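Going letter by letter, the sequence shown gives residues 54 to 270 in my numbering. A virtual CB, placed ideally from N, CA and C, is assigned to each residue, including glycine. Please read these numbers as outputs of a predicted model, since none were measured by experiment.
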Amino acid sequence: MQLIMMGAPGAGKGTQAAKIAKKYGIPQISTGDMFRAAVKEGTPLGKKAQEYMSAGKLVPDEVTIGIVRERLAKDDCAGGFILDGFPRTVEQADALNEILKAQGRSLSSVINISVPLEDLIERGVGRRICRSCGATYHVKFHAPAKENVCDACGGELYQRGDDTAETMQKRLSVYESSTRPLIDYYKQSGIYAEIDGKQKIEKVTEDLENVLHSVKG
Ligand code: ADP
Ligand code: AMP
């Protein structure tokens with residue numbers, strides 16, 4: 054299954070993609086996570102990405118497409134994958150089609166998690182992530198049993214530098230201008246589905262699984 058999880062920043066892509074990846078045994082490919090790992094390692098890619106990420110802007114297409122192209126060529130993607138946070142521009146979507154075509158495959162489904170704009174800042178600002186295993190929490194909507202401690206592995210939770218109200222605002226405006234047009238792009242493909250992301254996490258997962266039941270390879 055070749056899947057794309059779409060949605061605005063804070064819509065719940067990462068939360069849901071992690072569950073689907075586990076259930077179907079396919080890798081979750083998050084460009085945001087890949088950039089954050091590069092920033093942490095201090096690689097040239099990380100240094101370049103950091104400038105854009107901290108400003109709430111998109112990393113240039115040629116850089117982003119390059120890392121996805123390399124990632125999708127890895128053996129663990131042979132049985133499918135779930136993309137989380139890519140594509141974010143029409144150029145990235147076109148490149149993805151070409152990459153898959155060259156591999157003799159195509160997208161199985163594009164699922165958009167739809168959440169009203171006014172809820173997204175609160176989701177972003179309250180997000181906390183485990184430093185050890187990367188699990189995602191929310192101070193109000195998905196709080197860990199013990200404050201700032203990961204339920205899954207006991208790791209310390211942290212807040213992303215770009216999850217401030219100000220940078221979230223900027224990221225949402227970039228989403229509106231550059232990424233939202235992808236909804237129409239994929240609606241025309243016949244493999245597009247939309248899910249109400251305002252519901253509780255578990256209900257969003259249930260709806261997502263219902264969509265995936267009818268998706269073929
Ligand atoms: P994205 O990957 O789309 O940016 P995340 O999956 O990281 O979004 O979710 C953003 C924040 O919102 C996280 O703190 C997460 O725990 C929380 N969240 C995710 N889904 C829901 C939901 N359905 N209802 C309330 N909060 C949610
Ligand atoms: P995310 O973790 O998906 O919220 O992404 C965090 C940041 O990483 C974004 O605000 C961008 O700066 C960068 N980024 C992630 N994915 C992409 C992408 N597909 N294209 C460009 N920039 C991206």
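Quick check on this structure: which residue in the options has the alpha carbon closest to the alpha carbon of residue i?
i: residue 170; options: 218, 192 and 196; result: 218
i: residue 111; options: 182, 79, 61 and 243; result: 61
i: residue 267; options: 114, 80 and 164; result: 164
i: residue 182; options: 222, 243 and 212; result: 212
i: residue 185; options: 209, 72 and 149; result: 209
i: residue 54; options: 235, 162, 105 and 187; result: 162
i: residue 107; options: 116, 121, 85 and 123; result: 85
i: residue 75; options: 197, 248 and 188; result: 188
i: residue 167; options: 100, 247 and 214; result: 247
i: residue 137; options: 83, 160, 260 and 234; result: 83
i: residue 264; options: 73, 65 and 67; result: 73
i: residue 175; options: 64, 227 and 58; result: 64
i: residue 152; options: 134, 121, 139 and 214; result: 121
i: residue 57; options: 160, 249, 179 and 197; result: 160
i: residue 11; options: 228, 261, 227 and 119; result: No answer is possible for residue 11: it lies beyond the span of the chain, which begins at 54 and ends at 270.
i: residue 156; options: 140, 123 and 178; result: 123
i: residue 214; options: 109, 66, 262 and 68; result: 109
Which two residues bound the contiguous beta strand (DSSP E) that contains residue i?
i: residue 162; result: 162 to 167
i: residue 82; result: 81 to 83
i: residue 153; result: Segment 143 to 155 is the alpha helix (DSSP H) holding residue 153; no beta strand (DSSP E) there.
i: residue 189; result: 189 to 191
Spell out the partners DSSP gives residue i in its beta bridges.
i: residue 246; result: 164
i: residue 227; result: Per DSSP, none; premise fails for residue 227.
i: residue 136; result: 57 and 82
i: residue 183; result: 210
i: residue 202; result: 209
i: residue 217; result: For residue 217, which the question treats as bridged, DSSP gives no partner whatsoever.
Could you give the first and the last residue of the continuous alpha helix (DSSP H) run that contains residue i?
i: residue 266; result: 254 to 266
i: residue 117; result: 114 to 125
i: residue 196; result: Here residue 196 belongs to no alpha helix (DSSP H), and DSSP marks it neither H nor E.
i: residue 96; result: Note, residue 96: premise wrong, no alpha helix (DSSP H); not H, not E.
i: residue 170; result: 170 to 178
i: residue 234; result: 234 to 240
i: residue 67; result: 66 to 77
Using 8 Å as the threshold, is the region 188 to 204 in touch with the region 83 to 102, meaning 3 or more CB pairs across them?
-> no
Any chance the region 139 to 154 sits against the region 178 to 196, with 3 or more Cβ pairs inside 8 Å?
-> no
Assess, as a yes-or-no matter, whether the region 216 to 235 is touched by the region 96 to 103 under the definition of 3 or more beta carbon pairs within less than 8 Å.
-> no
Segment contact flag, the region 113 to 132 with the region 76 to 83, C-beta cutoff 8 Å, min 3 pairs = yes
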